[in-house]
Amino acid sequence: LDDKTADANACRMEHVLDPEVLEHLAAFAKFVNSCPGTRKECLAGFKKYLKDNAKTKNQAPKRSASRGGDESTRKKSSSGRKSRKTN
Numbered sequence: 045l046d047d048k049t050a051d052a053n054a055c056r057m058e059h060v061l062d063p064e065v066l067e068h069l070a071a072f073a074k075f076v077n078s079c080p081g082t083r084k085e086c087l088a089g090f091k092k093y094l095k096d097n098a099k100t101k102n103q104a105p106k107r108s109a110s111r112g113g114d115e116s117t118r119k120k121s122s123s124g125r126k127s128r129k130t131n
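Note that the working numbering numbers the sequence shown so that position 16 is 60, with each residue one more than the last.
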């Protein structure tokens, strides 16, 4: 989007959407930008993130120092190395 269109739409959103909705959109954008997993993993992770962090609104989760983020989204391969789960 060009700046003019983005600014006009952001202004309308600020005046129409409830503050809680805007907070969730901002948190979702931050989360998606930091999510190393698949779309399905990221959406499931975001739902968990919202539930677990209801008191710390609008803070994106910290990205893991390792390549793949949350240990719950990984499993060990036969070689002992961690790899992504396949669904």
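All C-beta atoms in this analysis are idealised placements derived from N, C-alpha and C, irrespective of residue type, glycine included.
Close Cβ partners of residue i (< 6 angstroms) along its chain, the five nearest in sequence each way excluded
i: H68; result: none
i: S110; result: Residue placement at S110 is flagged as unreliable, the pLDDT there being 40, under the threshold of 50; the coordinate-derived value follows with that caveat. Same-chain partners within the cutoff: there are none.
Collapsed DSSP secondary structure at residue i in the structure displayed
i: L61; result: coil
i: C34; result: As shown, the chain starts at 45 and ends at 131. That puts residue 34 outside it, with no answer to give.
i: D96; result: helix
i: R45; result: One point to set straight first is that residue 45 is Leu, not Arg, in the sequence displayed. Correct three-state label for L45: coil.
Neighbourhood of residue i by C-beta, 8 angstroms cutoff - its chain only, sequence neighbours within 5 removed
i: F72; result: F90
C-alpha distance - residue i paired with residue j, whole-angstrom precision
i: V65; j: N97; result: 15 angstroms
i: D47; j: A54; result: 10 angstroms
i: T82; j: V76; result: 10 angstroms
i: T49; j: L61; result: 18 angstroms
i: M57; j: E85; result: 28 angstroms
i: H59; j: L45; result: 20 angstroms
i: Y93; j: A52; result: 30 angstroms
Closer than 6 angstroms: residue i CB and nearest the ligand PLP heavy atom
i: M57; result: What this structure holds is no ligand at all, so the ligand PLP is not there to describe.
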